[in-house]
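Engineer: I am attaching a structure below and will ask some questions about it afterwards.
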Amino acid sequence: DTAVSQTPKYLVTQMGNDKSIKCEQNLGHDTMYWYKQDSKKFLKIMFSYNNKELIINETVPNRFSPKSPDKAHLNLHINSLELGDSAVYFCASSLGYEQYFGPGTRLTVT
Amino acid sequence: AQSVTQLDSHVSVSEGTPVLLRCNYSSSYSPSLFWYVQHPNKGLQLLLKYTSAATLVKGINGFEAEFKKSETSFHLTKPSAHMSDAAEYFCVVSDMGTYKYIFGTGTRLKVLA
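Chains as they are written, first to last, in this note's numbering: chain A, 1 to 110; chain B, 111 to 223.
Written out as structure tokens, the structure reads:
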């Protein structure tokens, strides 16, 4: 059973397009996150939701919009994609201080 | 504010020799500290965690780490490296009571045959 899953695994798209990445967790956790890992492997938190409520919103362009339809899902929608958005995006979930990560979505913007 | 410094961006060891990956942290509160491993093109897997219990923490695959408050360090060690240990390792700090993880910049471990 996959604990935290993301779709798609790979996403190749052109500049200016709008795309979404989906995340689902079956662990019953209350809190979910989105992280961005750049080409140098640096991981930075973007957003966090707790019981469908946004609790962390780092300095991220407003082209990025997270949506949590329920506490098991946290989707990431990106408008007007730019070359600099190319990265690996990780979803994670937690019940307390320990986070469980999804396999990542590699986004390539051409 | 919390921060994490991984002192080495790359570490190379020979198979069968000890591994030491260094991590220093800064935190205003009692921190929770973690080590995660990322194999090439894979997600992040938790190796071990410190959450104010025993200062010597044992993790998976023979790894362990020692929390030293006086040195603000949480170095990761393994007595004998295996080829399968080659990966990127991340030290992470999280303040208790918050949801925020702060990642170090990562240490790439290379294991030589």
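Here a beta-carbon is modelled for each residue, glycine too, at the ideal position from N, C-alpha and C. Quick caveat, the model's predicted, so the values are computed rather than measured.
#1: Whose C-beta lies closer than 8 Å to the C-beta of A:N75 among residues of the same chain, with five residues either side of it excluded?
#2: Keeping to the same chain, check which residues put their C-beta closer than 6 Å to that of B:Q116; ignore five residues upstream and five downstream.
#3: Answer yes or no: does any C-beta atom of chain B fall closer than 8 Å to that of A:N135?
#4: Among residues of its own chain, excluding the 5 on either side of A:S94, which ones have a beta-carbon nearer than 6 Å to its beta-carbon?
#5: Quick one: residues in its chain with C-beta nearer than 6 Å to the C-beta of B:T114, no 5 flanking neighbours on either side, listed in chain order?
#6: At least one CB of chain B closer than 8 Å to the CB of A:E82: is that the case?
#7: Over what stretch of residues does the beta strand (DSSP E) that includes B:K220 continue unbroken?
#8: If we define contact as Cβ-Cβ less than 8 Å, is A:I71 a contact residue for chain B?
#9: What's the C-alpha gap between B:L156 and A:Y100?
#10: Buried or exposed: which applies to A:S39, given that a residue is buried once 16 or more other Cβ atoms fall within 10 Å of its Cβ?
#11: Taking buried to mean at least 16 other C-beta atoms within 10 Å of its own C-beta, is B:A163 buried or exposed?
#12: Taking 8 Å as the CB-CB cut-off, is B:K210 touching chain A?
#13: Taking the alpha-carbon positions, what's the B:S124 to A:N17 distance?
#14: What residues of chain B sit near A:I21, judged by a beta carbon separation below 7 Å?
#15: What is the residue span of the beta strand (DSSP E) that B:H185 lies within?
#16: Report the rounded CA-to-CA distance for B:H149 versus A:K52, giving the unit in angstroms.
#17: If you measure between the beta carbons of A:C91 and A:Y10, is that distance less than 8 Å?
#18: According to DSSP, simplified to helix, strand and coil, what is A:D85?
#19: Quick check on this structure: which residue in B:Y199, B:K178 and B:L222 has the alpha carbon closest to the alpha carbon of B:S140?
Structural biologist: Checking against the coordinates, here is how it stands:
#1: Along the first sequence, one-based indexing puts residue 75 of chain A at 75. Contacts found: S20, I21, K22, C23, P66, K67, S68 and P69.
#2: Position 6 of the second sequence holds residue 116 of chain B. Excluding positions up to five away in sequence, the list reads C133, C201, G214, T215 and T217.
#3: Outside the shown range of chain A, which is 1 to 110, sits residue 135 of chain A, and nothing can be said about it.
#4: To locate residue 94 of chain A, count along the first sequence from 1; it is residue 94. Result list for A:S94: H29 and T31, in chain order.
#5: Position 4 of the second sequence holds residue 114 of chain B. Residue identity differs from the one stated: residue 114 of chain B is Val in this sequence, not Thr. If we look at B:V114 and ignore the five residues flanking it on each side, its Cβ neighbours are Y135, C201, V203, I212 and G214.
#6: Counting from one through the first sequence, the residue named residue 82 of chain A turns up at place 82. False, the Cβ-Cβ gap to chain B never drops below 8 Å.
#7: Numbered from its first residue, the second sequence carries residue 220 of chain B at position 110. Element bounds for B:K220: T217 to L222.
#8: Numbered from its first residue, the first sequence carries residue 71 of chain A at position 71. The displayed chain sequence assigns Lys, not Ile, to residue 71 of chain A. Answer no: the Cβ-Cβ gap between A:K71 and chain B never drops below 8 Å.
#9: Counting from 1 along the second sequence, the entry for residue 156 of chain B is found at position 46. Counting from 1 along the first sequence, the entry for residue 100 of chain A is found at position 100. Looking at the two C-alpha atoms, the distance is approximately 8 Å.
#10: The sequence position of residue 39 of chain A within the first sequence is 39, counting from 1. With fewer than 16 other Cβ atoms within 10 Å, it is exposed.
#11: Indexing the second sequence from 1 puts residue 163 of chain B at position 53. B:A163 should be labelled exposed.
#12: Indexing the second sequence from 1 puts residue 210 of chain B at position 100. Output row for B:K210: interface = yes.
#13: Locating residue 124 of chain B in the second sequence gives position 14, where the first residue counts as 1. Locating residue 17 of chain A in the first sequence gives position 17, where the first residue counts as 1. Approximately 47 Å, taken between the alpha carbons.
#14: The residue labelled residue 21 of chain A in the question sits at position 21 within the first sequence. Simply none; closest approach about 14 Å.
#15: Taking the second sequence and counting its residues from 1, the one referred to as residue 185 of chain B is at position 75. That run of the beta strand (DSSP E) goes S183 to K188.
#16: Counting from one through the second sequence, the residue named residue 149 of chain B turns up at place 39. Counting from one through the first sequence, the residue named residue 52 of chain A turns up at place 52. If you take the alpha carbons of B:H149 and A:K52, they lie about 31 Å apart.
#17: Residue 91 of chain A sits at position 91 when you count from the first residue of the first sequence. Residue 10 of chain A sits at position 10 when you count from the first residue of the first sequence. No; because the gap between Cβ atoms is not below 8 Å, this pair is not in contact.
#18: Here residue 85 of chain A is taken as the residue at index 85 of the first sequence, counted from 1. Note: A:D85 maps to helix in three-state DSSP.
#19: Locating residue 140 of chain B in the second sequence gives position 30, where the first residue counts as 1. With distances taken between Cα atoms, B:S140 lies closest to B:K178.
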